[in-house]
Structure formats: structure tokens, C-alpha cells
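Residue numbers (our numbering), protein chains in the order written: chain A, 4 to 308; chain B, 42 to 298.
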Amino acid sequence: MKTLLVAEYREGKLLGTSSELINFAAQLGAESAMFLVGSEGALPGYSGKLYLADVEQAGEFNPSLHKQMLLEVVEKEQPQMVVLPHSSYGWDLAPRIAMALKTAQISEVVEVKDGNLVVPSCNSKLRRQVKATTAVTVVTLQGGAFTPAEDPSGTPEVIKVEVAAGGDIEFLGYEEAAETGVDLSKAEVIVSAGRGIGKPENLALIENLAKALKGEYGASRPVIDAEWAEHSRQVGTTGQTVSPKLYVACGISGAIQHLAGMKKSEFVLAINTDKDAPIGEIADVLVVADLKQLLPVLTEKLNAL
Amino acid sequence: MKILICIKQVPDMESKFKANAAGNWYEETDLAWRMNEYDEFAVEQAVQLKEQVGEADLTVLCIGSDRVKETMKKALAMGCDRGVHIADDESYLKDSYAIASLIAGFAKDKGFDLIFTGMQSQDRGSAQVGVLIAEMLGIPSLTTLVEFSYTDGTVNAKRELEGGTRAKVSCSTPALVTCQLGLNTPRYPTLPNIMKAKKKELISTPVAELSPAASLLETLQMAPPEKKGGGLVLEGDPADLADQLIQILKEKTTALA
Numbered sequence: 004m005k006t007l008l009v010a011e012y013r014e015g016k017l018l019g020t021s022s023e024l025i026n027f028a029a030q031l032g033a034e035s036a037m038f039l040v041g042s043e044g045a046l047p048g049y050s051g052k053l054y055l056a057d058v059e060q061a062g063e064f065n066p067s068l069h070k071q072m073l074l075e076v077v078e079k080e081q082p083q084m085v086v087l088p089h090s091s092y093g094w095d096l097a098p099r100i101a102m103a104l105k106t107a108q109i110s111e112v113v114e115v116k117d118g119n120l121v122v123p124s125c126n127s128k129l130r131r132q133v134k135a136t137t138a139v140t141v142v143t144l145q146g147g148a149f150t151p152a153e154d155p156s157g158t159p160e161v162i163k164v165e166v167a168a169g170g171d172i173e174f175l176g177y178e179e180a181a182e183t184g185v186d187l188s189k190a191e192v193i194v195s196a197g198r199g200i201g202k203p204e205n206l207a208l209i210e211n212l213a214k215a216l217k218g219e220y221g222a223s224r225p226v227i228d229a230e231w232a233e234h235s236r237q238v239g240t241t242g243q244t245v246s247p248k249l250y251v252a253c254g255i256s257g258a259i260q261h262l263a264g265m266k267k268s269e270f271v272l273a274i275n276t277d278k279d280a281p282i283g284e285i286a287d288v289l290v291v292a293d294l295k296q297l298l299p300v301l302t303e304k305l306n307a308l
Numbered sequence: 042m043k044i045l046i047c048i049k050q051v052p053d054m055e056s057k058f059k060a061n062a063a064g065n066w067y068e069e070t071d072l073a074w075r076m077n078e079y080d081e082f083a084v085e086q087a088v089q090l091k092e093q094v095g096e097a098d099l100t101v102l103c104i105g106s107d108r109v110k111e112t113m114k115k116a117l118a119m120g121c122d123r124g125v126h127i128a129d130d131e132s133y134l135k136d137s138y139a140i141a142s143l144i145a146g147f148a149k150d151k152g153f154d155l156i157f158t159g160m161q162s163q164d165r166g167s168a169q170v171g172v173l174i175a176e177m178l179g180i181p182s183l184t185t186l187v188e189f190s191y192t193d194g195t196v197n198a199k200r201e202l203e204g205g206t207r208a209k210v211s212c213s214t215p216a217l218v219t220c221q222l223g224l225n226t227p228r229y230p231t232l233p234n235i236m237k238a239k240k241k242e243l244i245s246t247p248v249a250e251l252s253p254a255a256s257l258l259e260t261l262q263m264a265p266p267e268k269k270g271g272g273l274v275l276e277g278d279p280a281d282l283a284d285q286l287i288q289i290l291k292e293k294t295t296a297l298a
């Protein structure tokens, strides 16, 4: 089997996901080549053929142009699988490739099992083993699912890809996330609120527990979107990535985007009314309880210590 | 302006899920159904656009059994003008490609200026259908939007990237956009609008009449994730639980040191 790995590059940097692509190909025991719209000054550690299109000419975000260049490489390499990260770059580009090649796309692969690819469903509460009916497939990988133990090394054999003009979307630049008031990445204890807190008034329970544990409070995306807490408190893919000594997840079901932001915590305590919530997969302790009853008692006892 | 909004009905994600007897999807009985959360932002954005431009016709499209009409009525009550229901009791067996083919088949030749979809569905979560529809129709697509504006045939928008960074993008209509959570604040339908929605056009067409494309992907097995074990599960009286937790935090962490 031969794979074509599509690495990503943003704001002048090669993104770390290329190592996950390489590791995935290794797990499949597949040969690989790589495609990157990037720069010769920032090459991935990789010993294989790297088809490189100059980002100065092609732009960091220009999906229809990137698609055209990638299709030319597919034509040359004839891979059975085109592999991208399941990221804002990858999930945008992958269906364009799949459609052009008339192939099946398998999104957000978390695991290879008995030679088949496994993807999450229903907020990771279920897993789905899938099989393509087409000879070639386009695959996106869930962030973190194929992180190698150590970063791959090597120097790629660079093959330049001609960049034509074109594209039906104009990319007008980046807007950085607003400067955050709170740097959760340095907190030793974080108590986070999820949708399960039910209403904004209950955020006080989370804040009080965080104070009792001399930590900060955080929140998952639904709480931020509902404007119950400010964006700088968000833990997850589009918020902050944290690694405290203690992470207390209150009413957080454990969507992958949240887990990606906190799974490096040393000790995870989850409080949830659903004992099958996916957060239980990574929690050291899962307390099946109503946080409205448990938190006041726990906070009081901690304050009395 | 002609606008199409594609929505899906999904189970409430707080539900307990189990695989169906065939092992190719989840068991659909005993679930509470609602509009896919991402699609609520799509409907809201389309309604806001109509409020902005004045003259616009909003078609909401949904594929599924008769059960999905309930969700379509919510979209009509939020402000969509008409509903197109593709009646398919086995839509859950169709992959993203087959679903997108049905929608593109409907939309082709209708002259929609803009198509709104959610960025992904909450149950299947493939994030493919929107982009596939646009590719099939040969129009540009902007994905994962957290800001949207429209002026004279041009969409200006912001895509959400990892780490909270946004990419500013623009394209001309006709175009398709996929909506991320937080794009706007979806409205709750008011009672008068719910009553009005009952009188709006909602036409069902059996899927068999639309010669659907075959799926390119099949599900071999559906199952809960394997429990990795290790984690301790505690239940009981809150006061007892609090004592146990304090003991555990003292023993296993330095948080109380």
C-alpha cells in the first residue's frame, strides 16, 4: 500500500501534525510520499519524497489551488490513500480531493483495527468501523490519535511543484485570538465547567471549588458559546491547552475537542451524572453525581481543612 | 435572493447510545430528537441575511423519515419560507457522498445564491457534506465560519482555526458556507411564528424518485469505545463522596499539599 501524506503549514510554520501522518503510515506498514504547501526553510523530519509547493506563491489558504496541485501529485504517485490531519486545513481540503478523485472519504480516524479504520460517532460515545467501496480513499486523522513516541527524523528528498495562479476564494490574513486575561496553561489546578452545569448561575459552584483548591476555573466550548464565561477560560482545541497537576471536569461529557486540550493533565477528576460519558475514558476518578449537590459539600469540606 | 439551508435531525447528544441489531448504526428508539446544533447556526444566519437584504426566499431541506418534519417545522418557525423533505427511512445508511449527491441533485438548476449548512453533523461528524455539495455544483465553499457578512454578491467571513486564530476569507456568490458553533445566537421560535410555520409549504418527495447515488463507504461495525479501565468510579451520598475525594486528592495529587 502507498499513502500520500498532506502536511500543513500556517503562519510561517510547519505544523506538528506531519509526524502523526508519518506515524499513521508506519502503523499501516505503508509506503509514503508527502505533499506540502510550505517553505524550504521549514521542512519536516521525514525520509521520503516531499512534493513541495512554494507557499509564497500558493498562499497558506487557497483550497481550490492546493487541490489542483495535490491532484497532480496524486497522478504521479498513484497512492491508494491520501491522508490529511482532521484540522481546519484538512477537513476543508479533504472532501475537495475525494470529490475530484470520486473516492470515499473517511473522516477523523482514531484507530486502525483489524486493518479497518475506526471513526467516532455521537460525541465519541460510539465508534464506527468503516470500509470504503472505492480502491482509493481519502482519510483525515483525529489530532493526537497517532502521535508518535518520538518525532520522526530524516531529510526529505524535495521535489518542487509548479504553482499556477488561481483559486475561487480570497484569503485576507489572520486575526489572532484576543489576548487572554487568564493563562490557564500555567495553572496547577483547574476546575472546569461543562454544559452539565445547566445554567449560568451554577458557574459560581465551579469558581468556589477552584478557589478552595487554589486553582483557576475553566470551561468547555458550550459554556463559552452560551457566554456564561469569557473565551480566555476555554479549554480545548480552539481554546487553551492545559496540563495541570489536577483537572476537575464538572458536567463535561468529554467531546474530543475538549479532551485534546486537557488530556495531558496529571490527574483527572470527572463529576458527571452519566457514568458512560466519554470523559470517563481518561478520568482517574469518575464521580457519578449531581454537581449541584456534590460541589457545595466538597468545597465546604476543603475550606475547613 | 434564493437561499438553501440544509439541516439534519440528530439525537440529543446527552442520550445514551447503543448499536442497532444490524450493528451498522445506533439504535434509534428511545431517543429525543432535535436539530443538529451546527445547523441551528446555519438557519439563524440565513434568516438574518433575509432580514438584511429584505427580498429573499429561504428553502430548508432535510433528508430522513417523517420524524424529521418536526425539526423542519422549527426551521420554518425560525423564519425559513418553505420546506423540502426528502423522505428516506434509511438515510442513516447513506454516507456523506450519497447525501451530498441528493442535495446537489435538488439544488442544481434552482439558482440558489447561497447555501448554508452546518460544519458537521453531531452524530456522523464527517464534516464532508457541505463541501461535497459545493464541489458537485462547482461553486466556492467557505467552511467552519464564526463570522459571516454579505454585501452585493460578496461573502466576507472568518474561519475558525486551531488555538482560536481566525482566517479572514472572501468569495463571490453563488457559494456555500458551513457554520461553526458560535457563529451567531440562534433564535427561539415565538408562538406566533410557530403557528405561522404550520401554514408554510412543506413538500415531501420519496427518495426513490430522485435516483440516489450509491454510498462509497459502508459501516462494518458500530460499538461503544472499549473501556480502557483504570479509572475509579464512585457513587453515593454527596458528603461521603466529598470525604472520599479529599482522601484521594491527598494520596494521589499534590493539590492539597
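The beta carbon of each residue, even a glycine, is placed where N, CA and C say it ideally should be.
At least one CB atom of chain B sits nearer than 7 Å to the CB of A:L289. Comparing alpha-carbon positions, the option among A:T240, A:Q132, A:K5 and A:E204 lying closest to B:M263 turns out to be A:Q132. For A:G197, there are no neighbours in chain B by C-beta distance under 9 Å, as the nearest C-beta there is about 11 Å away.
Per DSSP, the beta bridge partners of A:A107 are A:T140. Taking a cut-off of 8 Å for Cβ pairs, the stretch 7-14 of chain A and the stretch 92-111 of chain A touch, as three or more such pairs fall below it.
7 Å or more divides the Cβ of B:L173 from the Cβ of A:K134. If you check each beta-carbon in the stretch 208-230 of chain B against every beta-carbon of chain A, the ones closer than 7 Å belong to A208, K209, V210, S211, C212, L222 and G223. For A:E114, the uninterrupted beta strand (DSSP E) segment begins and ends at E114 to K116. Pairing A:K189 with A:L298, the inter-Cα distance amounts to about 24 Å. Residues of chain B whose Cβ lies closer than 7 Å to the Cβ of A:R236 do not exist, since the nearest Cβ in that chain is about 12 Å away. One thing to note: B:S245 has its Cβ within 7 Å of the Cβ of B:A128.
In this structure, A:P155 keeps its C-beta atom at 7 Å or more from the C-beta atom of A:S42. Of the residues A:A258, A:E210, A:I25 and A:V164, the one whose Cα lies closest to the Cα of A:S50 is A:I25. A residue is called buried once 16 or more other Cβ atoms fall within 10 Å of its Cβ, and A:K105, having fewer, is exposed. Comparing C-alpha distances from A:E173 to each of A:E63, A:D228 and A:L55 shows the shortest one belongs to A:E63.
Just measuring C-alpha positions, the residue of A:N119, A:P47, A:L144 and A:V291 sitting nearest B:A168 is A:L144. Rounded to whole angstroms, B:G194 and B:D122 show a C-alpha spacing of 21 Å.
The DSSP-derived three-state label of A:T244 is coil.
With a threshold of 7 Å between beta carbons, B:P253 makes no contact with chain A. Per DSSP, the beta bridge partners of B:C220 are B:G159 and B:L186. In the DSSP assignment, A:Y92 forms no beta bridge with any residue. The stretch 162-170 of chain A and the stretch 218-225 of chain A do not touch, with fewer than three beta-carbon pairs separated by less than 8 Å. For B:Q288, the secondary structure class from DSSP, reduced to helix, strand or coil, is helix. Interface annotation, A:M265: not in contact with chain B, CB-CB separation never under 7 Å. Among the residues facing chain B, A:T6 is not included, as its CB has no counterpart in that chain under 7 Å away. Separation of the CB atoms of B:T158 and B:G171 is rounded to 4 Å, and the pair is thereby assigned contact status at 8 Å. Straight-line measurement puts the Cα of A:G221 at about 11 Å from the Cα of A:M265.
Contact fails between the stretch 138-156 of chain B and the stretch 53-68 of chain B, because fewer than three Cβ pairs, one in each stretch, are under 8 Å apart. Shown here for A:I193: same chain residues with a beta carbon closer than 8 Å to its own, the five before and five after excluded, namely L187, A213, G218, E219, Y220, G221, V238, V245, P247, L249, Y250, V251, M265 and S268 in chain order. B:G171: member of the alpha helix (DSSP H) spanning V170 to L178, first to last residue. Around A:T240, the beta-carbon contacts reaching into chain B at under 7 Å are E203. For a cut-off of 8 Å, the C-beta gap from A:S124 to B:R165 is around 6 Å, short enough to register as a contact. B:C212 is bridged by DSSP to B:V196.
Boundaries of the alpha helix (DSSP H) harbouring A:L68: P66 to E80, taken from the DSSP string.
Listed along chain B, no residue sits closer than 9 Å to A:S246 by beta-carbon distance, the nearest being about 14 Å off.
Excluding the 5 residues flanking it on each side, B:G204 has no same chain C-beta neighbour closer than 7 Å.
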